[in-house]
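Line by line, the protein sequences are chains A and B.
Numbering-wise, the first sequence is residues 1 to 287 according to the working numbering.
Numbering-wise, the second sequence is residues 288 to 643 according to the working numbering.
The C-beta atom is built at its ideal place from N, Cα and C for all residues, glycine as well.
Worksheet for the structure shown next.
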Amino acid sequence: MNKQINQKAWLLVLPVVVLVAFNAVIPLMTVVNYSVQETFGDNVFFWEGVGWFEQVLQSPRFHDALLRQMLFTGLVLVIEVPLGLIIALAMPRKGFWVSVCLVLMALPLLIPWNVVGAMWNIFALPEIGLLGKGLNNLGFDYNYTRQPVTAWFTTVLMDVWHWTSLVVLLCYAGLVSIPDDYYRAAKIDGASAWAVFRYIQLPKLKRVLTIAILLRFMDSFMIYTEVKVLTGGGPGNATTFLSIDLDKMALGQFDLGPAAAMSLIYFLIILLFSWLFYTLMMRNEAQ
Amino acid sequence: MARITIDRLRHSYMAEPKRPEDWALKEMSLEWQDGGAYALLGPSGCGKTTLLNLISGLLRPSEGRILFDDQDVSRASPEDRNIAQVFQFPVIYDTMTVYENLAFPLKNRHVPASEIDRRVREIAGMLDLGDSLMNRAAGLTADGKQKISLGRGLVRSDVNVIMFDEPLTVIDPHLKWVLRSKLKELHHRVKRTMIYVTHDQTEALTFADLVVVMNNGEVVQVGTPIELFDRPAHTFVGHFIGSPGMNVLPASLENDGVSFMGSRIEVIDPQRAGAAAGGQLEIGIRPEFISFGTTGLPVEIGKVSDAGRFRIVEARHQGQLIRVLVPEGYAVPADGAHLAFDAQHTHLYRDGWLVA
Chain A
1 MNKQINQKAW
11 LLVLPVVVLV
21 AFNAVIPLMT
31 VVNYSVQETF
41 GDNVFFWEGV
51 GWFEQVLQSP
61 RFHDALLRQM
71 LFTGLVLVIE
81 VPLGLIIALA
91 MPRKGFWVSV
101 CLVLMALPLL
111 IPWNVVGAMW
121 NIFALPEIGL
131 LGKGLNNLGF
141 DYNYTRQPVT
151 AWFTTVLMDV
161 WHWTSLVVLL
171 CYAGLVSIPD
181 DYYRAAKIDG
191 ASAWAVFRYI
201 QLPKLKRVLT
211 IAILLRFMDS
221 FMIYTEVKVL
231 TGGGPGNATT
241 FLSIDLDKMA
251 LGQFDLGPAA
261 AMSLIYFLII
271 LLFSWLFYTL
281 MMRNEAQ
Chain B
288 MARITIDRLR
298 HSYMAEPKRP
308 EDWALKEMSL
318 EWQDGGAYAL
328 LGPSGCGKTT
338 LLNLISGLLR
348 PSEGRILFDD
358 QDVSRASPED
368 RNIAQVFQFP
378 VIYDTMTVYE
388 NLAFPLKNRH
398 VPASEIDRRV
408 REIAGMLDLG
418 DSLMNRAAGL
428 TADGKQKISL
438 GRGLVRSDVN
448 VIMFDEPLTV
458 IDPHLKWVLR
468 SKLKELHHRV
478 KRTMIYVTHD
488 QTEALTFADL
498 VVVMNNGEVV
508 QVGTPIELFD
518 RPAHTFVGHF
528 IGSPGMNVLP
538 ASLENDGVSF
548 MGSRIEVIDP
558 QRAGAAAGGQ
568 LEIGIRPEFI
578 SFGTTGLPVE
588 IGKVSDAGRF
598 RIVEARHQGQ
608 LIRVLVPEGY
618 AVPADGAHLA
628 FDAQHTHLYR
638 DGWLVA
């Protein structure tokens with residue numbers, strides 16, 4: 001077949017190219033620029049090659065932050081995805097309560113991230129916060145500003161409160177799109193409630209669950225604002241995740257070179273995981 | 288396997304129905320013999336799917352009873368009624384193979400594995416699915432999926448009735464015919480009671496021994512395809528079945544006979560006309576039973592359309608349209624044409640209903 005090629009079409013794409021260039025590619029390129037050079041200000045640069053990358057990849061500090069990050073993301077996914085699915089399954093499909101539930105579910109998603117951090121900061125304060133004071137009155141020794149374990153507990157709880165709704169809403173949308181006939185057929189086939197979930201609901205939710213896991217993975221791997229406001233990465237370094245470590249390095253110590261190298265490694269890790277996960281899920285689909 | 292009796296059944300989707308139009312299904316009584324092939328035919332929204340869901344147990348009737356043999360099942364669940372249903376859109380279990388799909392209803396009922404295997408292979412053979420038993424069901428075409436839905440009903444040896452809710456809607460036209468013949472063949476082989484719901488007269492008339500025509504939530508006529516064609520009990524049936532449908536002409540009683548726009552229609556017995564007094568009268572005659580002649584009802588000839596084996600002539604008497612069917616190649620008279628009605632097939636209707 002002889003296709004006519006019209007190069008003028010590029011003109012139509014140009015606005016988007018310019019937009020993406022200014023808000024993504026150019027900033028990213030400056031980061032790349034910093035990551036291979038050493039600077040002491042005054043616009044004086046010395047060539048460093050891959051030195052910063054080697055330094056970051058070998059530093060125990062980066063390893064620890066990465067481990068903490070993976071543990072946090074793992075916990076968040078393990079809790080939020082099943083919990084979100086269970087809540088979505090329990091939500092009503094018809095009637096007045098549908099809108100009530102949907103609004104309640106959407107509320108946490110509408111709150112600005114630093115407000116979420118501030119809310120939980122006050123909520124969990126051991127002397128005055130409802131949660132902190134309450135737990136202590138119940139006999140628990142709870143002080144998230146001093147104990148690493150309770151700091152983790154509070155951080156994970158905050159993230160679950162903030163983001164489970166997203167999984168719920170995605171799953172709910174997936175569930176209501178299953179035609180009634182599937183449930184009717186299952187009833188006629190004598191399927192148990194478990195079989196309905198296993199053979200109808202779960203397969204039909206596969207796509208939205210893939211998206212939910214992907215979004216929650218990326219967002220939790222990049223978590224910054226809420227943790228920064230809640231614990232500031234402490235006590236000690238207990239909740240210093242990758243983004244907070246990066247912040248300390250770039251803006252606290254002003255080590256622009258290593259910070260730039262770390263940003264790129266950070267970015268590539270997220271890209272790699274997301275790509276791997278998505279490809280694996282979609283390959284299954286194709287079979 | 289069972290005889291199905293519908294006894295003064297009525298259903299409304301409202302909590303407290305008051306007006307007649309609140310009833311999705313008006314009071315009806317029917318009896319269906321064991322092993323028969325039945326069709327529910329009617330336009331969209333006439334209540335046929337409601338009736339089907341009442342029989343299958345997906346809905347509970349507001350009033351009346353449904354009996355399988357002599358057992359009242361009106362309040363029983365679909366599982367307890369032991370029925371099978373094929374839906375408009377094919378329902379298959381995506382993650383399972385064709386084999387597992389067919390075995391699913393038996394597995395849920397804890398049938399021994401050897402028995403499951405025997406039944407699944409037998410039914411797959413009947414449906415020509417034998418070669419794809421181990422394939423993922425999700426990869427099949429729409430007609431393959433619909434066969435699986437049907438197969439899940441057939442594997443159970445004890446189903447009382449298999450119901451079809453417009454099962455050919457999403458099937459390609461050239462496969463519709465194949466699947467319809469398959470269905471007919473299966474009915475002869477397994478001899479189960481089958482109820483087929485459709486708004487397509489061809490599907491209903493070719494599948495069923497007995498067709499139930501519904502309109503506005505009530506049964507208009509129950510009859511064999513021939514009866515529906517020859518003696519429509521209601522002008523709606525005459526109109527809905529046949530292509531083109533029956534001519535329905537306004538009529539009046541004059542001088543102890545029936546007249547149409549002042550012309551006496553001689554083929555209607557004056558005695559019948561007398562019985563029809565009181566109410567709005569109409570004459571019903573199918574285009575197939577009208578012929579051209581030199582005497583009779585004078586008409587002007589309008590459009591003539593060729594429809595393959597026959598031609599449809601639009602004739603007018605004082606502006607009133609009468610469709611006439613003539614064979615292919617028939618020379619339609621240009622002027623001075625007259626119409627003659629066949630006495631056997633000219634019917635009189637009062638307020639829509641056939642006057643016996």
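Check                                                                                                                          : Outcome
8 Å Cβ cutoff, Met421/B in contact with chain A                                                                                : no
Glu318/B in three-state terms, based on DSSP                                                                                   : strand
Residues that DSSP places opposite Gly525/B in a beta bridge                                                                   : Per DSSP, none; premise fails for Gly525/B.
Backbone CA spacing between Asp452/B and His486/B [nearest angstrom]                                                           : 10 Å
For Ile291/B, three-class secondary structure by DSSP                                                                          : strand
Identified DSSP bridge partners for Trp275/A                                                                                   : None; Trp275/A has no bridge partner.
Neighbour flag for Pro454/B against chain A, beta carbons, 8 Å                                                                 : no
Proximity test, Gly440/B beta-carbon vs the ligand HEM heavy atom, cut-off 7 Å                                                 : What this structure holds is no ligand at all, so the ligand HEM is not there to describe.
Beta carbon proximity, Thr337/B to chain A, threshold 8 Å                                                                      : no
Contact set for Arg559/B: own chain, Cβ-Cβ below 7 Å, skip 5 residues either direction                                         : Leu635 and Val642
Burial state of Asn43/A, where buried means 16 or more other Cβ atoms lie within 10 Å                                          : exposed
Residues near Gln372/B by beta carbon distance below 6 Å, same chain, minus five either side                                   : Ser343 and Met450
Contacting residues, own chain, Cβ-Cβ under 7 Å from Val407/B (five flanking each side not counted)                            : Tyr386, Leu389, Ala390 and Val442
Alpha helix (DSSP H) runs wholly inside the stretch 475-532 of chain B, at least 4 long, in chain order                        : 488-494, 512-517 and 522-527
Integer Cβ distance of Arg295/B from Glu314/B, believed to fall under 8 Å                                                      : 6 Å
Val156/A beta carbon less than 8 Å from that of Val229/A                                                                       : no
For Leu584/B, the three-state DSSP class (helix, strand or coil)                                                               : strand
Nearest residue (CA-CA) to Arg207/A, options Val160/A, Ala195/A, Asp189/A and Phe277/A                                         : Phe277/A
C-beta neighbour in chain B for Arg184/A, strict 8 Å                                                                           : yes
Within-8 Å CB hit, Glu383/B to chain A                                                                                         : First, the residue type needs correcting, since residue 383/B is Met and not Glu in the sequence shown. Interface residue, yes.
Local conformation of Val545/B per DSSP, three classes                                                                         : strand
Proximity to Gly257/A [Cα-Cα], best of Val31/A, Val25/A, Asn23/A and Leu67/A                                                   : Val31/A
Reference Arg93/A, options Gly174/A, Lys133/A and Val18/A, closest by Cα                                                       : Gly174/A
Coarse secondary structure for Phe254/A, derived from DSSP in three states                                                     : coil
Span of the alpha helix (DSSP H), counted from its first residue to its last, around Val17/A                                   : Ala9 to Val20
Any chain B beta carbon closer than 8 Å to Lys187/A                                                                            : yes
Ser539/B versus Phe579/B - alpha carbon distance                                                                               : 24 Å
Per-residue contacts from Ala193/A into chain B (C-beta, under 8 Å)                                                            : The contacting residues do not exist; Ala193/A stays about 12 Å from chain B at best.
Contact list for the stretch 263-285 of chain A against chain B, Cβ threshold 8 Å                                              : none
Segment contact flag, the stretch 101-112 of chain A with the stretch 163-172 of chain A, C-beta cutoff 8 Å, min 3 pairs       : yes
Presumed contact (8 Å Cβ cut-off) between Val506/B and Leu317/B, rounded CB distance                                           : 7 Å
Residue interval of the beta strand (DSSP E) (run including His634/B)                                                          : Thr633 to Arg637
Chain A contact for Ile458/B (CB, 8 Å cutoff)                                                                                  : no
First through last residue of the beta strand (DSSP E) which encompasses Trp47/A                                               : Phe45 to Trp47
Touching by the beta-carbon criterion (3+ pairs, under 8 Å), the stretch 577-594 of chain B and the stretch 603-614 of chain B : yes
Environment of Gly190/A [buried if 16+ CB atoms lie within 10 Å]                                                               : buried
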